[in-house]
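Participant: One structure, as structure tokens, below. Some questions next.
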Amino acid sequence: EVQLVESGEHLVQPGGSLRLSCSASGFIFSSYWMTWVRQAPGKGLEWVANIKQDGSETYYVDSVKGRFTISRDNTKNSLYLRVSSLRADDTAVYYCARGGADWDWYLDLWGRGTLVTVSS
Amino acid sequence: DFVMTQSPDSLAVSLGERATINCQSSQSVLYSSNNKNYLAWYQQKPGQPPKLLIYWASTRESGVPDRFSGSGSGTDFTLTISSLQAEDVAVYYCQQYYNTPRTFGQGTKLEIK
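This is the structure:
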């Protein structure tokens with residue numbers, strides 16, 4: 001089955017760090033751009049970051065630059081998001097999503113998301 | 121950054137009637153070299169991840185019912201549901217993938233009247 005599965009829920013204190021994981025199966029992971037999108041409770045979707053197939057290019061939304069790092073391990077079919085210096089407004093469900101093979105087009109496959117709660 | 125503005129924020133439509141959601145981009149998402157609009161529509165039902173409905177502004181994703189259609193070009197786009205079904209209750213988002221950061225509209229909540 002073609003799917004993306006993110007790691008479980010996380011509770012972290014303000015200023016803390018953690019690494020989110022997303023495991024891919026059912027498709028050739030190394031052939032696709034990958035993306036993280038987040039959604040704060042009751043709010044809309046916010047694009048966070050994306051990464052090229054070989055990891056040579058990464059892009060971020062301004063609000064997370066310098067604090068978040070997207071990476072991937074194609075040998076493990078896994079996508080990661082290292083999040084640090086966390087703030088209360090980083091509380092959200094984080095979705096991993098698949099982009100295109102030729103370029104980072106629309107997102108045609110989404111995981112169910114992982115909840116990150118930033119609270120003391 | 122490209123700002124995507126959807127209208128209305130919420131919409132109530134009777135079963136079997138037409139629903140129309142608009143999306144306006146602050147800059148054109150039409151790429152002149154291939155004449156493609158870099159715009160997608162997603163549907164998100166409560167407690168679920170978003171689902172791709174439409175890409176290239178008007179191409180329906182495989183498996184999406186043909187009552188869903190997308191139109192528009194440049195900066196103005198429309199998602200139309202020709203005959204609303206109960207299972208279409210959801211929040212709908214447009215997204216541009218012309219530029220980085222990719223940006224979404226704020227969402228339109230569709231309900232049954």
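In order, the protein sequences belong to chains R and F. FYI, my numbering numbers position 92 of the first sequence as 92, with every residue one higher than the one before it. Take the position in the second sequence, starting the count at 1, then add 120; the result is the number in my numbering. Don't be surprised by glycine CBs; every beta carbon is placed ideally from N, CA and C. In this text, all values refer to a predicted model and were calculated from it rather than measured experimentally.
Sorted by chain position, which residues of the same chain lie with C-beta nearer than 8 Å to Phe122(F)'s C-beta, five sequence neighbours on each side aside?
Facilitator: Answer for Phe122(F): Ser145, Ser146, Gln147, Val149, Gln216, Tyr218, Asn219, Thr223, listed in chain order.
Participant: Using CA coordinates, which residue listed in Leu11(R), Phe27(R), Glu1(R) is at the minimum distance from Gly119(R)?
Facilitator: Strictly speaking, residue 119(R) in this sequence is Ser, with Gly absent from that position. Selected option, being the one with the closest Cα: Leu11(R).
Participant: Go ahead and label Gln126(F) buried or exposed: buried means 16 or more other beta carbons lie within 10 angstroms of its beta carbon, across all protein chains shown.
Facilitator: That one is buried.
Participant: Enumerate in chain order the residues of its own chain whose CB-to-CB distance from Leu45(R) is below 6 Å, with the five nearest sequence positions on each side excluded.
Facilitator: If we look at Leu45(R) and ignore the five residues flanking it on each side, its Cβ neighbours are Val37, Gln39.
Participant: Closer than 8 Å, Cβ to Cβ, to anything on chain R: give me those residues from the segment 180-209 of chain F, in chain order.
Facilitator: Cβ contacts with chain R come from Glu181.
Participant: Between Ala101(R) and the rest of its own chain, which residues show a CB-CB distance below 7 Å, the 5 nearest in sequence each way excluded?
Facilitator: Counting only Cβ-Cβ distances below 7 Å, and skipping sequence neighbours, we find Ser31, Tyr32.
Participant: For Arg112(R), which residues in chain F fall below 7 Å Cβ to Cβ?
Facilitator: Under the 7 Å cutoff, chain F gives Pro169.
Participant: How far does the beta strand (DSSP E) with Asn50(R) in it reach, from first residue to last?
Facilitator: Per DSSP, Asn50(R) belongs to the beta strand (DSSP E) from 45-51.
Participant: How many angstroms separate the CA atom of Ser84(R) from the CA atom of Arg67(R)?
Facilitator: C-alpha separation (whole angstroms): 5 Å.
Participant: For a test of the three-state rule: what should DSSP assign to Ala139(F), helix, strand or coil?
Facilitator: It is a strand residue.
Participant: Going by alpha carbons, who is nearest to Asp73(R) out of Trp105(R), Ala88(R), Lys52(R), Gly26(R)?
Facilitator: Looking at the Cα atoms, Lys52(R) is the closest of the given residues.
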